[in-house]
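Just so you know, the sequences run in chain order Y and P. Everything in the first sequence is counted per numbering that gives the first Met the number 0, starting at 0 for the first residue and increasing by one. Everything in the second sequence is counted per numbering that gives the first Met the number 0, starting at 0 for the first residue and increasing by one. Cβ atoms here follow ideal geometry from the backbone N, Cα and C, with glycine treated the same way. Because the structure is a prediction, the values reported are computed rather than measured.
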Amino acid sequence: MMKKDIYVLSAKQISMQQPLCEDWMTQPVEYQTPFNRSIDPSFKDYISPIEARRMGKILKRAIATSKEAIKASGLDSVDAIITGTGYGCIENTEFFLDALSKDGEQMLSPTYFMQSTHNTISSLVAIQTKNHGYNVTYAHKGISFDSALQDAVLQMRLGKINSALIGGHDELTETFYRILKKGGMMGQDDEMCGEAAVSVVLGTNNDDYLCKLVNFKMLHKPTLEKLKAVAKDFQADYILTGISGNHKSDKAYFAETKELFGDAKLLKYKHIFGESFTSSGIGVYVAAQCLKAGKIPAHLFVNPSEISDKKPSKILIFNHSDGNNYSLTLLEA
Amino acid sequence: MTNPILITGCGVVSAIGNNKAETLDALLNNRSGVGPLVHLKTEHKEFPVGEVKMSDDEMRKRLNISDNNITTRTALMGMIALDEALKEAKITPEMIPNIGFISGTTVGGMDMSEQYYLDYVNNENHKEYIAVHDCGSCSEMTAEHFGKFAFITTLSTACSSAANAIILGANMIRCGEADIVVVGGSECITKFHLNGFNSLMILDTQWCRPFDATRAGLNLGEGAAYLVLETEESAKRRGVKAQAILSGYGNACDAFHQTASSPDGEGAFRAMKEALELADIQPDKIDYINAHGTGTPNNDASESTAVKRLFGENVPPMSSTKQFTGHTTSASGSIEAVFCILALQNGFVPVNLNWSQPMEDGIVPVHQSVKKELKHVLCNAFGFGGNDSSLLISKPEL
């Protein structure tokens with residue numbers, strides 16, 4: 000299959016860092032608490048107050064990041080809208096489950112249900128941007144955003160699309176944070192959890208871009224041998240890991256990166272953005288912004304001794320989700 | 000399309016059968032599986048449903064899974080369908096690490112979460128089910144019963160989830176990412192979406208009547224189906240034959256409303272048109288359309304308009320099979336794709352049961368048994384939010 004040049008044209012985020020900007024590069028917001036919700040921008044520039052009243056937070060954030068990313072991409076519209084969300088519209092799911100469990104089955108309102116399915120996000124973005132193109136949603140824990148990215152890359156290689164809006168959206172309520180922690184799904188050890196809303200526009204041709212997307216691969220429970228074979232095509236000077244404070248996962252990141260990438264410098268981002276099912280999307284955003292800026296903020300280096308002002312040329316986003324699912328995303332300046 | 004994508008095996012479970020043979024028999028003999036609720040514990044006994052005729056315990060027994068294992072109904076149904084698909088395609092355990100698995104679901108493990116939600120919130124009981132609530136865990140549970148697939152992901156586009164899983168699998172094969180990808184979807188009925196659909200007032204208290212003037216909503220169903228997609232070269236090398244060819248597919252967004260279809264059926268029209276264009280097949284070559292045809296006033300009107308826009312006066316024989324199975328939601332795309340494969344292989348058009356009065360400006364569905372050779376069929380699956388997909392499945396050239 001012919002490898003087409005694919006570019007990251009734009010990337011926008013709403014998270015526990017300052018929204019829709021790159022203030023985290025110089026002045027990251029610091030947290031001491033294990034669970035933090037996002038810092039929301041004013042949504043009135045993106046959605047009318049009447050519409051906004053009926054929408055959950057995840058939807059408002061998706062619309063804001065999507066509209067900002069499309070605007071920054073320089074494109075009038077995108078050929079595809081592809082969203083990844085690990086747990087979907089948790090807030091409305093929680094409302095509906097709560098009512099179902101406490102009040103029974105006779106008095107349920109349709110509003111929560113209508114906005115509880117995972118694909119509500121992608122379809123709402125399509126309605127808001129009047130887009131009839133390819134539209135799907137992936138819901139697979141920590142590789143939801145990665146799956147969306149893969150779909151776009153495949154279709155660009157096939158020549159089916161030339162641009163795509165890739166979204167990674169997960170919200171987290173206090174209740175679900177406690178439930179997921181209890182179930183061992185997140186918030187283990189020293190891990191800080193949060194929410195993620197990230198929109199990335201990919202395109203096959205443009206003069207102005209953040210970086211190139213050179214290669215991408217997803218694997219399920221690979222043997223070390225298989226990982227090694229794949230990693231040959233993903234060598235970079237910096238590896239952006241998902242080191243998060245989860246002891247078991249962090250240990251695996253150190254061992255695997257040493258084995259696969261030798262002395263490449265390790266970076267992290269979850270210590271300021273938190274853990275979320277779609278935080279790998281934040282990883283792509285962070286790496287793309289660093290490549291565009293031509294520098295890596297000192298606070299992203301895992302080893303303080305490696306901090307340097309050197310302009311990065313290639314950053315690999317290396318994501319292993321719950322030790323089962325791996326994704327490798329190679330970006331180049 | 001350049002290289003054909005072969006379907007070298009498939010498996011299905013729904014209200015009309017626990018395998019392909021039972022399913023074919025029911026389709027040929029117009030035997031519906033829709034009836035009163037048996038397995039789901041709900042106050043809403045007034046709604047007929049298309050339940051799979053096995054309890055979770057019966058499925059676990061059939062799959063040799065111990066009662067102590069954490070399972071969800073969606074995953075259990077998925078395993079039964081996947082088992083049949085893998086066996087048909089002669090896929091051995093050693094091959095699994097080189098094969099991709101793509102599944103579609105929306106409710107995932109909600110059948111357990113809705114029983115234990117207050118425990119999750121308030122105490123430590125049943126906390127082992129928390130990790131199987133989400134869609135991705137459900138796909139992994141299904142897949143891991145058979146081995147370690149090379150890669151797994153999950154589509155969740157409501158009622159078109161399985162159809163979109165098929166589309167992703169096809170794109171992966173065309174890109175050379177894999178020789179074999181197993182694709183489809185699974186979904187059990189839950190209180191969560193039965194009540195959700197009820198709150199939207201789209202459930203019929205009677206047997207559903209797609210494309211009928213008196214249609215008043217859908218009956219929920221459940222089930223699973225998986226298809227083995229394979230390159231021609233790989234099938235030849237392995238000595239397996241194509242049951243059918245996936246010759247085209249399309250995905251478009253209606254971009255109209257969160258839970259309603261547009262009056263002009265724009266999303267459906269675009270999805271079907273794209274499927275035809277990809278296959279380079281003219282509309283007059285389509286021998287049958289398996290409609291999404293849910294039986295809601297809105298869907299059937301919108302789908303009729305879309306079909307008429309694309310086919311003009313010459314609408315091919317068309318039917319909905321949701322009177323047989325109920326609306327199997329996320330799994331419907333792959334379950335009905337299997338029905339289309341059975342129709343192609345056995346030369347018949349499934350009957351649009353329970354139809355008597357034509358709807359205004361609607362299509363007139365096939366309402367009597369028709370035996371005829373089919374070459375190309377379209378299979379529609381549309382989801383909430385206007386996630387519309389269409390698959391074009393063809394008979395292999397002999």
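*asked:* Is there a C-beta anywhere in chain P that falls below 8 Å from the one on His131(Y)?
replied: yes
*Neighbourhood of Met1(Y) by C-beta distance below 6 Å, restricted to the same chain and skipping five residues each side*: With a pLDDT of 48 at Met1(Y), under the threshold of 50, the modelled position of this residue cannot be trusted; read the value that follows with caution. Result list for Met1(Y): empty, nothing under 6 Å.
*How big is the Cα-Cα spacing for Lys357(Y) and Ala88(P)?*
Outside the modelled stretch of chain Y, which goes from 0 to 332, sits residue 357(Y), for which no answer is possible.
*Would a check of beta-carbon distances place Asn194(P) closer than 8 Å to chain Y?*
yes
*Who does His10(P) pair with in a DSSP beta bridge?*
The residue you asked about is not His; residue 10(P) is Gly in the sequence shown. In DSSP, Gly10(P) forms a bridge with Tyr225(P).
*For Tyr208(Y), I'd like the list of residues in its chain whose CB is within less than 7 Å of its CB, leaving aside the five on either flank, ordered along the chain.*
Tyr6, Val7 and Leu8
*asked:* Please confirm whether Ile314(Y) has its beta-carbon closer than 8 Å to some beta-carbon of chain P.
replied: no
*Confirm, please, whether the CB-CB distance from Val199(Y) to Gly273(Y) is below 8 Å.*
no
*Give me the Cβ distance between Ala290(P) and Ser329(P), rounded to the nearest whole Å; I'm assuming they're in contact under 8 Å.*
No, Ala290(P) and Ser329(P) are not in contact; Cβ-Cβ is about 18 Å, not under 8 Å.
*Determine the direct distance from the alpha carbon of Gly292(P) to that of Phe210(P), and round the result to whole angstroms.*
7 Å
*Where the stretch 120–134 of chain P meets chain Y: residues whose CB sits under 7 Å from a CB there*: Val120, Lys126, Ile129, Ala130, Asp133 and Cys134
_For Ser331(P) and Ala380(P), which I take to be in contact (beta-carbon distance under 8 Å), what is that distance rounded to the nearest angstrom?_
6 Å
*Using a C-beta to C-beta distance shorter than 8 Å, which residues of chain P count as neighbours of Ala235(Y)?*
Residues of chain P passing the Cβ test: none, with the nearest at roughly 22 Å.
*In the structure shown, what three-state DSSP assignment does Ser100(Y) receive?*
helix
*asked:* Let me confirm a value: Lys247(Y) is counted as buried when at least 16 other C-beta atoms fall within 10 Å, else exposed. Which label applies?
replied: exposed
*asked:* Which residues of the stretch 372–391 of chain P have a Cβ closer than 9 Å to any Cβ of chain Y? Give them in chain order.
replied: Gly382, Phe383, Gly384, Gly385, Asn386, Asp387 and Ser388
*CA-CA distance, His375(P) and Ala177(P)?*
26 Å
*The alpha helix (DSSP H) spanning Tyr119(P) covers which residue range?*
Met109 to Asn121
*the ligand MN heavy atoms versus the CB of Asp262(Y): any closer than 7 Å?*
What this structure holds is no ligand at all, so the ligand MN is not there to describe.
*Chain-order list of residues whose beta-carbon lies under 6 Å from that of Leu171(Y) (same chain, five-residue window excluded)*: Glu194
*Between the Cα of Gln205(P) and the Cα atoms of Asn2(P), Ser388(P), Val33(P) and Pro395(P), which residue gives the shortest distance?*
Val33(P)
_Cβ closer than 9 Å: which chain P residues qualify as neighbours of Ser108(Y)?_
Ser198
*asked:* Using only the alpha-carbon positions, how far apart do Thr70(P) and Lys60(P) sit?
replied: 12 Å
*Under the three-state reduction of DSSP, which class applies to Lys216(Y): helix, strand or coil?*
strand
*According to DSSP, is Cys192(Y) helix, strand or coil?*
strand
*Using alpha carbons as the reference points, say which of Glu90(Y), Thr82(Y), Val283(Y) and Ala71(Y) lies closest to Ala138(Y).*
Thr82(Y)
*If you measure from the beta carbon of Arg60(Y) to each beta carbon in chain P, is any gap under 8 Å?*
no
*When Cβ atoms are compared, which residues of the stretch 261–274 of chain P fall closer than 7 Å to chain Y?*
Glu265, Gly266 and Arg269
*CB-CB under 6 Å to Phe196(P), same chain, minus the five flanking residues each way: which ones, in chain order?*
Leu202
*asked:* Measuring only the C-alpha atoms, how far is Gly146(P) from Ile79(P)?
replied: 15 Å
*Between Leu81(P) and Lys3(Y), what straight-line distance do the alpha-carbon atoms span, to the nearest angstrom?*
35 Å
*asked:* Quick test of the definition: if touching needs 3 or more C-beta pairs under 8 Å, does the stretch 256–274 of chain Y touch the stretch 12–19 of chain Y?
replied: yes
*asked:* Counting only beta-carbon separations shorter than 8 Å, does Ala151(Y) have a partner in chain P?
replied: no
*Which chain A residues are close to Arg52(Y), counting only those with a beta carbon under 8 Å from its beta carbon?*
The displayed structure is made up of protein chains Y and P, and chain A is not among them.
*Cβ neighbours of Ile38(Y) in the same chain (closer than 8 Å, five flanking residues each side left out)*: Ile13, Ser14, Met15, Gln16, Gln17, Pro18 and Val28
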